[in-house]
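Below is one structure, written out as structure tokens; the observations come after it.
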Amino acid sequence: MRQETVLEATGLSKRFTHKGRTEPVLNDVSFQVGQNEIISILGKSGCGKSTLLHLLGGFERPDEGTVRINGQPVTGPSRNCIMLFQHYGLLPWRTVLGNVELGLENERLPASERKERAMRYLRKVGLEDKAGAFPRQLSGGMQQRVALARALAVQPKLLLMDEPFAAVDTFTRYQLQDELLRIQREERTTIILVTHDIDEAVYLSDRVLLMGANPGTIRTELAVPAAKPRDRGHEDFLHVRRTVLERFELTRAAPAPEFSI
Amino acid sequence: MRQETVLEATGLSKRFTHKGRTEPVLNDVSFQVGQNEIISILGKSGCGKSTLLHLLGGFERPDEGTVRINGQPVTGPSRNCIMLFQHYGLLPWRTVLGNVELGLENERLPASERKERAMRYLRKVGLEDKAGAFPRQLSGGMQQRVALARALAVQPKLLLMDEPFAAVDTFTRYQLQDELLRIQREERTTIILVTHDIDEAVYLSDRVLLMGANPGTIRTELAVPAAKPRDRGHEDFLHVRRTVLERFELTRAAPAPEFSI
Amino acid sequence: MRPLSKTAATAFALLLLVAAWQAVVQIGHYDRSLLPSPLHVAQGIVELARSGVLFEDLQVSLLRFAAGYFSASVCAILLGLTLGRIRPLWTLVDPIVQVLRPVSPIAWSPFIVLWFGIGNAPAIVIIFLAAFFPVLLSTVKAVRSVDATYLKVAQNFELPPLRLLTRIVFPSAFPQIAHGLHLAIGTSWIFLVSGEMVGSQSGLGFLIVDSRNVLRLDLVMAGIVLIGVFGLLLDRTVGLLERWVGRQWGMEK
Amino acid sequence: MRPLSKTAATAFALLLLVAAWQAVVQIGHYDRSLLPSPLHVAQGIVELARSGVLFEDLQVSLLRFAAGYFSASVCAILLGLTLGRIRPLWTLVDPIVQVLRPVSPIAWSPFIVLWFGIGNAPAIVIIFLAAFFPVLLSTVKAVRSVDATYLKVAQNFELPPLRLLTRIVFPSAFPQIAHGLHLAIGTSWIFLVSGEMVGSQSGLGFLIVDSRNVLRLDLVMAGIVLIGVFGLLLDRTVGLLERWVGRQWGMEK
Amino acid sequence: ACGSRSSDSSAEDKPVIKIGYLPITHAGPLYIEEETKGGDYDGFRLQLIKFGSWPDLMDALNAGKIDGASVLMELAMRAKEQGIDLKAVALGHKDGNVVVVANDIGKVQDLKGKSFAIPSAFSTHNILLYQMLKKAGMAYGDVKAVELAPAEMPAALASGRIAGYVVAEPFGAKSVVIHKGKVLYQSQDLWDDSVDCGLVLRGDLIRKQPEAVQAFVAAYAEAGQKAETKDAEVKQNFKKYMNLNDDELNLSLQWIKYDDLKIGKEPYEQLRSYLKEMGLSDNPPAYEDFVDPSFMDKVK
Ligand SMILES: Nc1ncnc2c1ncn2[C@@H]1O[C@H](COP(=O)(O)OP(=O)(O)OP(=O)(O)O)[C@@H](O)[C@H]1O
Ligand SMILES: Nc1ncnc2c1ncn2[C@@H]1O[C@H](COP(=O)(O)OP(=O)(O)OP(=O)(O)O)[C@@H](O)[C@H]1O
Ligand SMILES: [Mg+2]
Ligand SMILES: [Mg+2]
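What follows is the structure, encoded as structure tokens:
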């Protein structure tokens, strides 16, 4: 029914040992992501979202379970599957162009071709004219765009994004979300993003995975039927949003337990 | 028509000189805040929100214009008007109790009474049992509550909050917003808060001041008629929300200019 | 188990060092009086320990060091707090410090004798000087990098100036000051030898200088070993303190 | 205008220092040969400059210093990059460094003479040692505190190990390494005097030691002044470099 | 200022003899020897190397980085005892040490309980202190002997930190010239023909280059004779090495003799017995083992 499966996580568990105490952080997480999908993982702080993303990207090994990308088990980080970090992970001593070229230096490309390819992706995120600037000279939103261009330049099968827009203000965030949708449409990249922002999850994704904590599990999966591009004020959007709020008991109907953070 | 005026800002302007270039950051900002009101100042990153709050609190002097609190011109920071900083400004080497007592050490209070008063406010924010803990042992949400207790303990006329909930996740943010409303009802404090989160502004405030940038000015004032406590899913709420989105051109109706951050 | 394995690693490392030393002695065929072997030096240490000289020297050196180091720390921290808060004053004092700092205690010693005499005083003064400048510099730097938010909070609660210094500036700068104290213990311990060259009749530095005078290089090496080992111990102790401060101040988790 | 006023402040500060010195001389009624006045020392400097000795000494000292300092920096950075990346290795090497570091060059000098002879070599070796340890320690610290995100990015783009070191670890650690280089220039310049005691026949350190031996304390003081002033200049130069690196790397705005 | 700075590097086959010294009056003959013919003699070339302290000099000598030195005889004997192959071939000077005390010290007994500086326990100066106390009927422990760098002694005396000192020249003359101290004894009053500094060479040099050594020692003895004239030229040459003012130089030259630099068996045995008596050495090298008088003997 769904398109070809890009990522398949089965029975992922992860424990951390801290000061001699072993605590389960993730327990039996399984899900699949199809070609060209955008999936959001939504959950409270500390529920294990980043840990899950690190397992998917191969940055850490699960204690149990496996991750497969295009059927191949993941044993370490690879260029197939690029992670975008919350604070962008741009190298401050390189120019914007140098940053985008980073991922291409590995390939046997002549310098001119490498530069051209990097410029193509910079153009795509609208930062052509900033190629010579250093990251510190850019606003947070621009930096996130550079990181996106750098990731796309190696043409990965899968993009992992860890709270990609949490550090920019609401207005910029809205713009970046729109851009991400446009670029994803053009590049047909598969994206898994982690967020604690309900609106973001609903606005961007085809499916939302709601995570519970202690240990982290996927509690519910919610498909978002509305067609993209969506209208943040539209009734369909608001309906899904309300469903999520209710799932997390955040509407007036059932008052939030007061001191449970 | 309105209750007694607590704060009165008239014709505030502020310029910063950076590398020999003088740039206006605020231009002719005027507004009034009444007793027991909650006012949000909403604007994009870098539009001068923090600068405005610093002028109101007396941390910086305006180049033009005056700030009056209860009719008295503000010449410097004072206990009348406490600022809550984005990263809470808790002293990491003091316990939670020690932090709350900080503002009380100036008063001629016996130690026992001081402690009692601090504990009263800790109880109010639900952190009685954390009195002996250090800030680093608390989650972000708890830390913000400690900062709130510390501010309230000196019983200021006015509370200034700079993006108070920007650093916590959405779920915690919702809870903290509810708590802030409850406490404000009990203490009858006047609050001015700065935010870039549209939902937050609409959910909390009696009036929203929309700021424009370059230089920062107040473009519109928007009263939020809905009674508190509000329902984030309710039609009244969504209506105001939509109005704000439209003002900032963030709904689909008028597509956002793509690369203007 | 962690600290145990760390001690084991340290012991193993020192063993390696001794082995390397033995190898140099054997390969180079050095005369015993030019480069003593670890065994000879061990014998030297035993000889010193037996005669009681070792313990006495150690004690007197540690006392002198403590006197110089602690008085330097206190002075440097108090001065640093003041200078760090008053920016124009520091602009003036900074060049003076930078001119005085790079001058070796050996160069100063004729003047130190003139003002402080011989015996304990010059050793203490030289260690004082060696510890004073690094602590002063790091205190000033620490004070000047105190988070502006804390200062604003203090202003907001109307703390009077002295209380601002004791309750906000000092504790807030303390982790970095502690780091400075840690660095300074290493750099000032080096100057024990220079310090105890000026008319001292006891101490580890004197032991080295004196043994050099009488061409007992095995005892010079014994002195080096003792200075090295006690330097390591001092460093580790202050390092622990620094880590504790760091944890207490919430710098690390 | 800023740098100008800073130079003015420096000049004023040094003037203050000279005034304080003159005051001490006058109040203490010290004999000229025990504590020379600024004027006498100025005469001494002029005398040295006239005879050409000053320039020669300065040149030879700066050359020796440069040789010791740069070779130490290169070695320490290369070694530090390696040790910082391989944690168990550093656990072993750290105690060795901490034992060797606090030993004064004066104590080492019999062995330095044995291995390196007299003349230029011991001076360079001693400056090497004095610069090596601080740079090594700060490089290791810098490498170990490289932002984990950068390493993950590098893994993600499958950078090979050597390229990881040159393209990610080194540039990322560089601002902190530059700070270490800045610190080390001060601490190693101090050892110029110790270094030039061992059979050197020229240099600022030799000037001081030699003048001390013939009781020309005015020339000793002249040497101190020169060492101080050049220490200040070296410090300021490397400080500028450090600031430039900081700006380039986006550490400050 | 110093001759050794600008030793021309015209390389020949002649052996270069590197001799270490400290800038003291006691090394006088070496200065004259190097100044004569610029140190370029038939059969060898002399290169003087200045050191800052005795230990630095001994390090270089023991490690074979210099071929010989004008050094305290006691230190050289000590090195020999430790197994370093050294031979003493001549004296540096005769007499020339003075006991300098603060102006308020009238007699030896006044020193009781006070600090008194010597350069090193292994020195003629320590023996002189011992002799002086013994003659005055006091025990060695009656004064506090402190080891101090010679350069620090005048300052320590002037500021009252020590009551007196005995050390190589010109440090004694220094205090006298600035009126911060006075001469209590000259060395010959305490120990006639005292052995102090000696010209010491490494054994391997003597074995490999006996002719060069002979030429060197001959020139040395001649330089001693010339130094003994203490004329204007000699003083001029001394000042190239010591950077002293005239008063200090004249005074310290008054006290010293350079004419007969042979190491006699008698005074040497005296030194040995003092070393044993003071407990400084159990087994100082015998005259036959350590002193090689043959070179001086061949000088007419
Ligand atoms: N390396 C580690 N060692 C020990 N515990 C860890 C480690 N990494 C994460 N944890 C713990 O695992 C839990 C989940 O962490 P994680 O960072 O995955 O949460 P998150 O959902 O991403 O939170 P946030 O929204 O705050 O980023 C937390 O309780 C954290 O303390
Ligand atoms: N001390 C200062 N010196 C020079 N320029 C300043 C200073 N403080 C602020 N500015 C400038 O003033 C403008 C407004 O800054 P401000 O911090 O008030 O914005 P803001 O609305 O609070 O932004 P954000 O949402 O990112 O916190 C910015 O362009 C900033 O660069
Ligand atoms: Mg996370
Ligand atoms: Mg702000």
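Chains A, B, C, D and E are the protein sequences, given in the same order. In terms of this note's numbering, the first sequence opens at residue 1 and continues consecutively. In terms of this note's numbering, the second sequence opens at residue 1001 and continues consecutively. In terms of this note's numbering, the third sequence opens at residue 2001 and continues consecutively. In terms of this note's numbering, the fourth sequence opens at residue 3001 and continues consecutively. In terms of this note's numbering, the fifth sequence opens at residue 4001 and continues consecutively. C-beta: ideal position from N, C-alpha, C; glycine also. All values reported here derive from a predicted model rather than from experimental measurement.
As assigned by DSSP and simplified to three states, the class of residue i
i       : result
C/D2235 : helix
D/V3053 : helix
D/I3045 : helix
E/D4246 : helix
A/L210  : strand
A/F165  : coil
E/I4019 : strand
A/E258  : With a pLDDT of 41 at A/E258, under the threshold of 50, the modelled position of this residue cannot be trusted; read the value that follows with caution. Reduced to three states, the DSSP call for A/E258 is coil.
E/D4059 : helix
E/D4095 : strand
C/P2175 : helix
A/T343  : The structure shown has nothing for residue 343 of chain A, since chain A only spans 1 to 261.
E/V4291 : strand
A/F248  : coil
Nearest neighbour of residue i, chosen from the options [CA to CA]
i       : options                               : result
C/A2072 : C/A2130, C/A2011, C/V2041 and C/L2083 : C/A2130
D/V3060 : D/G3205, D/L3215 and D/A3019          : D/G3205
E/L4072 : E/R4161, E/T4124, E/G4064 and E/L4086 : E/T4124
B/S1139 : B/D1206, B/Q1155 and B/L1090          : B/L1090
A/G34   : A/K228, A/T243, A/T190 and A/R117     : A/T190
D/L3183 : D/V3214, D/T3237 and D/T3149          : D/T3237
B/E1184 : B/T1017, B/V1125, B/V1194 and B/E1246 : The identity of residue 1184 of chain B in the sequence shown is Gln, whereas the question assumes Glu. B/Q1184 has its Cα closest to that of B/V1125, out of B/T1017, B/V1125, B/V1194 and B/E1246.
C/W1957 : C/Q2176, C/L2215, C/L2136 and C/L2207 : Shown here, chain C extends from 2001 to 2253; a query on residue 1957 of chain C therefore has no answer.
A/G57   : A/L158, A/L245, A/V96 and A/E246      : A/L158
D/W3108 : C/G2239, C/A2008, C/V2225 and C/E2158 : C/V2225
B/E1023 : B/R1108, B/D1236, B/E1004 and B/G1046 : B/G1046
Chain-ordered neighbours of residue i on chain A, where CB pairs are closer than 7 Å
i       : result
D/E3158 : S78, R79 and N106
Neighbour list for residue i in chain B, Cβ cutoff strictly below 8 Å
i       : result
C/V2146 : Neighbours of C/V2146 on chain B: none; closest Cβ ~11 Å, over 8 Å.
Residue i beta carbon near ligand 6 (any heavy atom closer than 8 Å)
i      : result
A/E163 : Here the bound small molecules are ligand 1, ligand 2, ligand 3 and ligand 4; ligand 6 is not part of this structure.
Interface flag, residue i vs chain G, CB-CB below 9 Å
i       : result
C/I2118 : Checking the listed chains, one finds no chain G in this structure; the protein chains it contains are A, B, C, D and E.
Residue i: contacting residues in chain A (beta-carbon distance under 8 Å)
i       : result
B/H1196 : D169, T170 and F171
Beta-ladder partner(s) of residue i, from DSSP
i       : result
B/L1026 : B/K1014 and B/G1216
E/F4044 : E/Y4041
B/T1005 : B/G1034
B/L1084 : B/M1161
E/Y4165 : E/V4100 and E/A4117
Contact list for residue i against chain C, beta-carbon separation under 7 Å
i       : result
D/D3235 : Q2098
B/L1102 : F2157
Beta-carbon neighbours of residue i, restricted to chain E and to distances below 8 Å
i       : result
C/R2050 : Going along chain E, no residue has its Cβ under 8 Å from C/R2050, so there is no contact; the nearest lies around 18 Å.
C/P2110 : A4151, E4152 and A4155
Closer than 9 Å at the beta carbon, the chain D residues around residue i
i     : result
A/M83 : K3152, V3153 and N3156
**Message:** With three or more beta-carbon pairs closer than 8 Å as the criterion, would you say the segment 4233–4244 of chain E touches the segment 4261–4268 of chain E?
**Reply:** no
**Item:** Touch test, the segment 3184–3193 of chain D against the segment 3041–3051 of chain D, Cβ-Cβ under 8 Å, three pairs minimum
**Value:** no
**Item:** Cβ pair count under 8 Å reaching 3, the segment 4015–4032 of chain E against the segment 4237–4253 of chain E
**Value:** yes
**Message:** Is it the case that the segment 65–74 of chain A contacts the segment 108–118 of chain A, given that we only count it when at least three CB pairs across the two stretches are under 8 Å?
**Reply:** no
**Asked** Would you call the segment 1078–1085 of chain B and the segment 1010–1020 of chain B touching, i.e. three or more CB-CB distances under 8 Å?
**Response** no
**Request:** May I ask you to verify whether the segment 3066–3086 of chain D touches the segment 3123–3138 of chain D, counting CB pairs closer than 8 Å and requiring at least 3?
**Result:** yes
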